[in-house]
Each structure stands twice: as C-alpha cells, then as structure tokens.
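Input: a single structure, listed below in structure tokens.
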Amino acid sequence: MEEKIKDLSLLLMFLTGWEEDSRNNPGEKAFCSWKGYSFKAMNKLADDKLIIQFKDKKLAILTEAGKQKAEQLKKHYLN
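Counting from 739, one number per residue, gives the positions in the sequence shown under my numbering.
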C-alpha cells in the first residue's frame with residue numbers, strides 16, 4: 739500500500755504542478771509542485787531521486803526521472 743501512496747502522490751504532484759524558471763540555473767525550467775502530501779511518501783520520492791525537496795520551501799521539484807515516472811503512472815491510472 740505504501741508504494742501506491744508514493745506513486746499516487748507523485749502522479750498528483752505532476753498533475754497539479756507547474757513549470758517555472760529555475761532560480762539556480764538561469765535559462766532552465768523547473769517543474770514544481772506543492773508539498774502537501776504524506777511526509778513518508780515525500781521522503782521516499784526524494785530517496786528515489788524522483789523529487790527534490792527543500793526544508794525552507796513549501797514546494798518540491800520533480801526531476802526528469804520523476805516526470806517520466808509520473809507520465810507512466812498517468813498512462814496506467816488515467817487511460
């Protein structure tokens with residue numbers, strides 16, 4: 739069940755996320771989402787390098803691997 743919660747949290751982050759200019763790398767884009775999900779799921783997503791969390795911010799960034807995984811989950815659950 740924990741794996742499904744992690745996957746569905748990533749999918750929701752992807753579906754509700756947005757792209758903005760990277761603050762660290764000018765000219766690059768970052769895909770952001772709010773961190774309003776289970777701490778346990780968020781920590782596992784970060785451990786799997788699917789997201790990058792910040793302690794002082796209320797948002798997380800989906801990595802390229804995270805966006806690819808979210809696309810797969812979208813096809814699995816929503817198609």
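Every residue, glycine too, gets a C-beta built ideally from N, C-alpha and C.
| field | When K773, A768, K767, K805 are compared against F792, the one with the closest alpha-carbon | value | Indexing the sequence shown from 1 puts residue 792 at position 54. Checking every option, the nearest Cα to that of F792 belongs to K773.
| field | Close beta carbons around K790, own chain, < 6 Å, minus the five adjacent residues each side | value | As a working mapping, residue 790 is identified with position 52 in the sequence shown. The question names Lys, but residue 790 is Ile in the sequence shown. So the qualifying residues of the chain are I799.
| Strand pairing of K767, partner residues [DSSP] | Residue mapping note: residue 767 aligns to position 29 of the sequence shown, counting from 1. K767 is bridged to D759.
| field | DSSP three-state assignment for L797, whether helix, strand or coil | value | As a first step, residue 797 is located in the sequence shown; it is residue number 59 there, counting from the start. L797 falls in the strand class under three-state DSSP.
| query | Going by other Cβ atoms of all chains shown within 10 Å of its Cβ, with 16 needed for buried, is S820 buried or exposed? | reply | For residue 820 there is no data in the structure shown, the boundaries of the chain being 739 and 817.
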